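Down below is the structure, laid out as C-alpha cells.
Residue numbers (the numbering used here): 404 to 896.
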C-alpha cells in the first residue's frame, strides 16, 4: 500500500510518498487446480487488508483507490473474496484487466524514471502475470499482459523448491514462447530505454549488485534510476543462473541479500526475466520501485483534475465504431436529467453514476457496427470484453449490463444477481424511447419520480396526443417493467 501527498512542482503535480506498507501474501500461490483461492491464502489476504484498512480508515473515499490484479482475475471465488476484502478495507476494490494493469504500471514508472528521447520499454514481472509496455513520455502505446509470473512459474517448474538445469530450461522456453507472440510488434516499435519495475526486478537487481554478478559495476552504460533499485544486465542474469544451478534446492542457495520471502519464487522470476532479455535482445535494464501503486495514484490524481482516462477511452470507442454523436448526446442529456430528478440514496456517488450513465448513452449503439439485429447484445459484448483503458472489470460489467438492458426485454437482467443499477436503467430506457425520432425536436417537461422501486413518468397530455407512436412505446415500456415485478406508471396531465 502506498500513501502519498500530491505536490505542485514547476514540471507538474508529483506524488511525494509518505508511507509504504508491504505484506507478503502470495495470493497466486493459494490458487488450487480448480482455480479457487484456498482458505489459507484467502485468510492471509483478508488479514493484511484489514491492517491496511486501519491505516486509511479516516481517508476521504475520493482520495483512495484499491485495485486487484491477476489472481483475482482468474479465481472462481474472486467475487466473494472481493466482497469480504472491501468490508475489511472499508473502501471499494476494483479488479482490473491485464492491459489496464499494464497502463497503470507504465504511468507509475514513467513519472519516476529519467526522461528519454523516444520510446521506453517497461517490464513488470508480478506473481501471476508479466506486463510489457512501450510508451513515450507519460503515454503508453503498446500494452500486453502475459499469464506468466514469478509465483505461478516457480510452482509449475520448481515444485517444492527443487532446482535442476532441465527444469530451468523448460521454464525459460515456456516464458519465451509466451513472449515470442508479442515480440514482433515490440521490436518493430523499438525503444531507447528499458525499465524493470516491481518486486521481481528489484530483487534480481539487488542479488546481482550485492553479489557482483554484473562484473561491470552498477554504472554500466547508464546511471541508477532516481529513487530506483539498481541495474540488471544480461551478463548478471546469466551469472545468477549459473550460481542457482549449482544447488538442488532453493534453501541451499547462499546469496547476499536473498530475502526469505523471495526465496521460493525468485527462480521463476529469473527464468522469465532471462526469457525477456533473450527474446527482445535486451542487454541492460534500469530498475525502479515505482510501478502499479504509483500509477494507480497518478491515475486517481488525474481523475480529480478532470483528466480521466475513461472519457478518452469512450471517445475512442465512439470514433472506432462510428457512433452517431448527436443521438448519443440527446440520449445522454435526457437520461442524466431523469437521474438528477430521482432522490439520491444514502451512499450513492451521484457523480460516478452520472458519468457511467453518460458513457452508456455514448456507447449504447456501438453494436450497430456489427448488425442492426440484436445490436444491444453486440454493444454489451464489446463493452464487457474489450480492453478499455481506465475501466475496472466492475466498471465494464456495469456498463455492459446497462447496454444489454437499454432496450428489449428486462428478463435477461432479473437473472443477474449482481445487477443493481435499475434506477439508471430506467433513465436510459426512457431516454432511448423518447429519442427514437433521432432529431432535435424539443421535448416537453418530463417529470419522473421513484419510490420503493416503483417509477412514475408524467408528460403533458397535449404533447402525447400529438405523438401517438411515443405514447404506444411508453405504454409498452410500462408493461415490460410490470412483467419483471416492478411498478411503472405513465400519466398524462
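No residue lacks a Cβ here, since even glycine has one placed at the ideal position from N, Cα and C. On a predicted model such as this, the values are computed, not experimentally measured, just so you know.
In the region 424-496, which residue ranges form an unbroken alpha helix (DSSP H) of at least 4 residues, counting only runs that do not cross its ends?
-> 442-458, 473-477 and 481-492
Any idea if residue 412 is buried or exposed, counting beta-carbon neighbours within 10 angstroms, 16 or more meaning buried?
-> On the chain shown, residue 412 is found 9 positions in, with the first residue counted as 1. Answer is exposed; the Cβ neighbour count stays below 16.
CB of residue 805 within 9 Å of CB of residue 737, strictly | Along the chain shown, one-based indexing puts residue 805 at 402. Along the chain shown, one-based indexing puts residue 737 at 334. No; because the gap between Cβ atoms is not below 9 Å, this pair is not in contact.
What residue does the alpha helix (DSSP H) around residue 404 start on, and which one ends it?
-> In the chain shown, the residue the question calls residue 404 occupies position 1. Careful: residue 404 lies outside any alpha helix (DSSP H) and carries neither H nor E.
If you pair each beta-carbon of the region 672-682 with each one of the region 558-576, do three or more pairs fall below 8 Å?
-> yes
Residue 633 - partner residues in DSSP beta bridges = Walking along the chain shown from the start, residue 633 turns up at place 230. Its beta-bridge partners are 690.
Looking only at DSSP bridge pairs, what is residue 850 linked to?
-> Here residue 850 is taken as the residue at index 447 of the chain shown, counted from 1. Bridge partners of residue 850: 861.
Would you call residue 654 buried or exposed, if buried means 16 or more other Cβ atoms sit within 10 Å of its Cβ?
-> Along the chain shown, read from residue 1 onward, the residue named residue 654 stands at position 251. So residue 654 ends up on the exposed side.
For residue 535, which beta-bridge partners are listed by DSSP?
-> Taking the first residue of the chain shown as position 1, residue 535 is located at position 132. In the DSSP output, where bridge partners are listed per residue, residue 535 has 526 and 547.
Within 9 Å, strictly: CB atoms of residue 610 and residue 659 | The sequence position of residue 610 within the chain shown is 207, counting from 1. The sequence position of residue 659 within the chain shown is 256, counting from 1. The answer is yes: Cβ separation under 9 Å.
Decide if residue 463 is buried, meaning its Cβ has at least 16 other Cβ atoms within 10 Å, or exposed.
-> Reading the chain shown from its first residue, position 60 is the one you call residue 463. Exposed is the call here.
Please report the residue range of the alpha helix (DSSP H) in which residue 807 lies.
-> For the purposes of this step, residue 807 is taken as residue 404 along the chain shown, with counting starting at 1. Residues 796-808.
Does the count of Cβ pairs from the region 591-602 and the region 512-519 closer than 8 Å reach three?
-> yes
Between the C-alpha atoms of residue 858 and residue 779, what's the straight-line distance to the nearest angstrom?
-> As a working note, residue 858 is residue 455 in the chain shown. As a working note, residue 779 is residue 376 in the chain shown. Cα to Cα, residue 858 sits roughly 23 Å from residue 779.
Contact set for residue 426: own chain, Cβ-Cβ below 6 Å, skip 5 residues either direction = Translated into positions along the chain shown, residue 426 becomes position 23. These residues qualify, in order along the chain: 451.
Of the choices 734, 890 and 762, whose alpha-carbon is the least far from that of residue 842?
-> Along the chain shown, read from residue 1 onward, the residue named residue 842 stands at position 439. Minimum Cα distance to residue 842 is reached at 734.
In the DSSP assignment, find the alpha helix (DSSP H) that holds residue 785 and state where it starts and stops.
-> Indexing the chain shown from 1 puts residue 785 at position 382. First-last of the alpha helix (DSSP H) with residue 785: 778-788.
Closer than 8 Å by C-beta to residue 683: which residues in its own chain qualify, once you throw out the five before and the five after it? Chain order, please.
-> Walking along the chain shown from the start, residue 683 turns up at place 280. 524, 582, 586, 589 and 590.
How would you write the range of the beta strand (DSSP E) that residue 597 sits in, first residue to last?
-> Against the chain shown, residue 597 aligns to sequence position 194. First-last of the beta strand (DSSP E) with residue 597: 596-600.
Between which two residues does the alpha helix (DSSP H) harbouring residue 714 extend?
-> Counting from one through the chain shown, the residue named residue 714 turns up at place 311. Here the alpha helix (DSSP H) through residue 714 covers 712-723.
Apart from the five residues on each side of it in sequence, which residues of its chain come closer than 7 Å, Cβ to Cβ, to residue 622?
-> Along the chain shown, read from residue 1 onward, the residue named residue 622 stands at position 219. Any reading at residue 622 is ruled out, since the residue's pLDDT is 40, under 50, leaving its predicted position unreliable.
Whole-angstrom distance between residue 826 and residue 572, CA atom to CA atom | Stepping through the chain shown from its first residue, residue 572 is reached at position 169. Stepping through the chain shown from its first residue, residue 826 is reached at position 423. Approximately 56 Å, taken between the alpha carbons.
Between residue 423 and residue 408, what straight-line distance do the alpha-carbon atoms span, to the nearest angstrom?
-> In the chain shown, counting from the first residue as 1, residue 423 sits at position 20. In the chain shown, counting from the first residue as 1, residue 408 sits at position 5. Looking at the two C-alpha atoms, the distance is approximately 12 Å.
What separation, rounded to the nearest whole angstrom, lies between the Cα atoms of residue 868 and residue 849?
-> Taking the chain shown and counting its residues from 1, one reaches residue 868 at position 465. Taking the chain shown and counting its residues from 1, one reaches residue 849 at position 446. So the alpha carbons of these two residues sit roughly 15 Å apart.
Looking only at its own chain, which residues have a Cβ that is under 7 Å from the Cβ of residue 575, when we skip the five neighbours before and after it?
-> Your numbering for residue 575 matches position 172 in the chain shown. Cβ neighbours of residue 575 beyond the five flanking positions: 674, 677 and 678.
Quick one: what's got a C-beta closer than 6 Å to residue 764's C-beta in the same chain, skipping five residues either side?
-> Looking up residue 764 in the chain shown gives position 361. Excluding sequence neighbours, residue 764 sits near 731, 734, 735 and 738.
Residues near residue 497 in its chain [Cβ-Cβ closer than 8 Å; skip 5 each side] = Here residue 497 is taken as the residue at index 94 of the chain shown, counted from 1. 468, 469, 470, 471, 795, 796, 797 and 798.
Round the Cβ separation of residue 532 and residue 511 to the nearest angstrom and send it over; I've been treating them as touching at under 8 Å.
-> As a working note, residue 532 is residue 129 in the chain shown. As a working note, residue 511 is residue 108 in the chain shown. In fact, because the Cβ distance is near 16 Å, the residues do not count as touching under 8 Å.
Could you check how far apart the C-beta atoms of residue 485 and residue 475 are, in whole angstroms? I think they sit under 8 Å.
-> By 1-based counting over the chain shown, the position of residue 485 is 82. By 1-based counting over the chain shown, the position of residue 475 is 72. Yes, residue 485 and residue 475 are in contact; Cβ-Cβ is about 7 Å, under 8 Å.
Taking the C-alpha atoms as reference points, what is the distance between residue 881 and residue 530?
-> By one-based count along the chain shown, residue 881 stands at place 478. By one-based count along the chain shown, residue 530 stands at place 127. Those two C-alpha atoms are separated by around 50 Å.
Between residue 747 and the rest of its own chain, which residues show a CB-CB distance below 6 Å, the 5 nearest in sequence each way excluded?
-> For this step, residue 747 is matched to residue 344 along the chain shown. So the list reads 753, once near-sequence residues are dropped.
If residue 897 sits next to residue 504, beta carbons under 8 Å apart, how far is it from one beta carbon to the other, in whole angstroms?
-> In the structure displayed, the chain extends from 404 to 896; residue 897 sits before or after that span and is not available.
Nearest-angstrom Cβ-Cβ length linking residue 603 and residue 528, presumed shorter than 8 Å | Here residue 603 refers to the residue found at position 200 of the chain shown. Here residue 528 refers to the residue found at position 125 of the chain shown. Correct: roughly 4 Å between the Cβ atoms.
Continuous beta strand (DSSP E) stretch holding residue 892: start and end | Locating residue 892 in the chain shown gives position 489, where the first residue counts as 1. Segment 891-895, the beta strand (DSSP E) holding residue 892.
To the nearest angstrom, report how far apart residue 539 and residue 551 are at their CA atoms.
-> The residue labelled residue 539 in the question sits at position 136 within the chain shown. The residue labelled residue 551 in the question sits at position 148 within the chain shown. Spanning the two alpha carbons is a distance of roughly 25 Å.
Bridge partners - residue 844, DSSP secondary structure assignment = Residue mapping note: residue 844 aligns to position 441 of the chain shown, counting from 1. Residue 844 is not bridged to any residue.
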